[in-house]
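Just below is one structure, and these are the notes that go with it.
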Amino acid sequence: MFGSLRVARIIGIDIEINLSWLAILALLAWTLSDSVFPDQYDGWSRAAYWVVGTTSAVLLFVTVLIHELAHAIVAKRRGLDVPRITLFIFGGVSHMSRQPQTPGEEFAIAAAGPATSVVVAGVSLGGALLTMDWNEKVSGIFFYLGTVNVMLAVFNILPGFPLDGGRVLRSIAWKRMGSFRGATRVASGVGEMFGYGLLLLGATILLSGYALNGLWFMFIGWFLLNAARAEAGNMQLESILGRLTAGDVMHREFELVKPGMSLQEVVDDHMLARGERAVIVANDGAVRGLLTVSDIRKVPREAWPHTPVQGVMTPRERVTTVTVTAKALDVLRVVSENRFNQVPVLDDGQMVGIITRRELLDRLQLAESLAPDSGGESPPP
Numbered sequence: 000m001f002g003s004l005r006v007a008r009i010i011g012i013d014i015e016i017n018l019s020w021l022a023i024l025a026l027l028a029w030t031l032s033d034s035v036f037p038d039q040y041d042g043w044s045r046a047a048y049w050v051v052g053t054t055s056a057v058l059l060f061v062t063v064l065i066h067e068l069a070h071a072i073v074a075k076r077r078g079l080d081v082p083r084i085t086l087f088i089f090g091g092v093s094h095m096s097r098q099p100q101t102p103g104e105e106f107a108i109a110a111a112g113p114a115t116s117v118v119v120a121g122v123s124l125g126g127a128l129l130t131m132d133w134n135e136k137v138s139g140i141f142f143y144l145g146t147v148n149v150m151l152a153v154f155n156i157l158p159g160f161p162l163d164g165g166r167v168l169r170s171i172a173w174k175r176m177g178s179f180r181g182a183t184r185v186a187s188g189v190g191e192m193f194g195y196g197l198l199l200l201g202a203t204i205l206l207s208g209y210a211l212n213g214l215w216f217m218f219i220g221w222f223l224l225n226a227a228r229a230e231a232g233n234m235q236l237e238s239i240l241g242r243l244t245a246g247d248v249m250h251r252e253f254e255l256v257k258p259g260m261s262l263q264e265v266v267d268d269h270m271l272a273r274g275e276r277a278v279i280v281a282n283d284g285a286v287r288g289l290l291t292v293s294d295i296r297k298v299p300r301e302a303w304p305h306t307p308v309q310g311v312m313t314p315r316e317r318v319t320t321v322t323v324t325a326k327a328l329d330v331l332r333v334v335s336e337n338r339f340n341q342v343p344v345l346d347d348g349q350m351v352g353i354i355t356r357r358e359l360l361d362r363l364q365l366a367e368s369l370a371p372d373s374g375g376e377s378p379p380p
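The sequence shown begins at 0 in numbering that gives the first Met the number 0 and counts up by one.
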């Protein structure tokens with residue numbers, strides 16, 4: 000999985016770029032500079048083609064950011080918190096604090112993106128006309144941005160989840176069916192159909208001799224197919240964990256060891272004897288740190304009897320914790336994204352439990368097996 004880098008903060012929203020974005024930016028700049036602009040405009044120098052191509056690629060992603068900011072602004076006006084936006088290989092994602100709570104809310108947020116792309120396309124095409132007789136290169140950049148944003152608006156409004164059109168479709172299905180989960184299944188199914196359709200179209204174009212165009216369509220189809228499946232999985236996670244808190248899933252019995260104990264004592268008396276993969280290090284009731292199996296394995300085995308816990312543990316200030324009222328779904332994301340095996344749970348600054356990844360996944364599997372297939376009239380708050 001690609002990581003993300005924070006590059007800016009706009010209207011209180013962190014702007015991140017997924018590292019896959021850098022790869023597609025380089026590919027797009029090369030395609031524009033080496034083939035698209037040379038095919039459309041004659042007589043430019045090679046350097047000019049690269050300047051115009053690279054500038055167009057960067058500005059295209061700026062328009063994608065504007066598209067996502069439109070979603071975020073409408074969401075914030077509807078009371079949703081949007082802590083960050085991530086730009087990735089085929090667009091962007093506005094990370095919202097919760098799902099829209101009504102079909103109308105979902106429709107407004109989803110429709111804002113394509114509507115903004117249409118406005119950007121209109122402004123860009125107008126700029127191309129105004130600069131046509133002044134500077135062909137500037138006009139070419141405007142024309143490219145205008146035509147691509149028209150295509151982006153059309154593509155995004157297709158009723159394939161998780162595209163904006165798929166979310167519009169879900170809002171309509173939600174309104175008619177009265178079930179958020181049912182509407183999500185419908186929209187995800189349509190999204191998968193579009194993904195398979197684009198894969199088939201791309202393969203057909205590829206076999207017809209247009210390799211680059213065929214591969215692009217196949218790549219987009221693959222991306223859409225996987226995104227639709229992931230969205231359906233996220234909906235299932237939210238339906239199971241959405242109303243649970245860390246206090247509901249934490250393990251209330253946890254091991255406490257003193258900072259001066261040796262690693263060998265911890266291994267023999269706590270980890271091996273009780274099957275614990277992590278223990279809390281405390282002194283006079285105050286948490287000092289966390290000691291995990293991974294910490295111990297960094298020390299040679301022959302040194303365990305002579306190595307105190309406090310020299311190996313992760314100090315309290317570096318331990319990631321969650322509050323007892325944190326949503327279980329958020330805890331799962333913290334554990335998964337950071338590859339933690341466990342995370343302590345605090346209540347008013349005091350440790351009251353611990354959540355391990357193994358137990359959290361076991362709880363998720365159990366809840367999923369017992370969850371009813373119907374229902375889900377509205378998304379989790």
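The beta carbon of each residue, even a glycine, is placed where N, CA and C say it ideally should be. All figures in this text were calculated on a predicted structure; none of them were measured in a lab.
Who are the Cβ neighbours of SER32 in its own chain at under 7 Å, not counting the five residues just before and after it? TYR48, TRP49, GLY52 and THR53
On the premise that ALA327 lies in contact with VAL248, defined as a C-beta separation below 8 Å, what is that separation, rounded to the nearest angstrom? 5 Å
C-beta contact flag for ALA111 and VAL137 at 7 Å: no
7 Å Cβ cutoff met for PRO82 and SER170: no
Kindly indicate which three-state DSSP category THR324 falls into: helix, strand or coil? Secondary structure of THR324 (DSSP, three-state): coil.
How about GLU191 and LEU224: are their beta carbons less than 7 Å apart? Yes, Cβ-Cβ distance for GLU191 and LEU224 is below 7 Å.
Straight-line gap, ASP329 to ARG356 (C-alpha atoms, nearest Å): 13 Å
Cutting at 7 Å between CB atoms, please list the residues of its own chain near PHE193, excluding the five before and the five after it. LEU157, GLY159 and LEU223
Indicate whether LEU262 and THR306 have their beta-carbon atoms separated by less than 7 Å. Yes.
Taking all protein chains shown into account, do 16 or more other C-beta atoms lie within 10 angstroms of the C-beta of LEU359, making it buried, or fewer, making it exposed? Per the 10 Å Cβ criterion, buried.
Would the segment 293-309 and the segment 256-276 be scored as touching if the rule is three or more Cβ pairs under 8 Å? yes
Since GLY103 is in the alpha helix (DSSP H), which residue starts that stretch and which ends it? 102-130
Inspect the beta-carbon positions of THR244 and THR324 and report whether they are closer than 7 Å. A Cβ-Cβ contact shorter than 7 Å links THR244 with THR324.
What three-state label does DSSP hand ASP346 in the structure shown? strand
Quickly, what does DSSP pair PRO307 with across the bridge? List them, please. SER261
Quick check on MET312: buried or exposed, where buried means 16 or more other Cβ atoms within 10 Å of its Cβ? When all chains shown are included, MET312 counts as buried.
How far does the alpha helix (DSSP H) with THR244 in it reach, from first residue to last? Where THR244 is concerned, there is no enclosing alpha helix (DSSP H), given that its DSSP letter is neither H nor E.
Given GLN349 as reference, the closest of LEU124, GLN364, THR320 and PHE339 once Cα atoms are compared: With distances taken between Cα atoms, GLN349 lies closest to THR320.
What does the alpha-carbon distance come out to for the pair ILE9 and ILE84? 10 Å
Residues near HIS70 by beta carbon distance below 6 Å, same chain, minus five either side: Result list for HIS70: SER93, ILE108, ALA111 and GLY112, in chain order.
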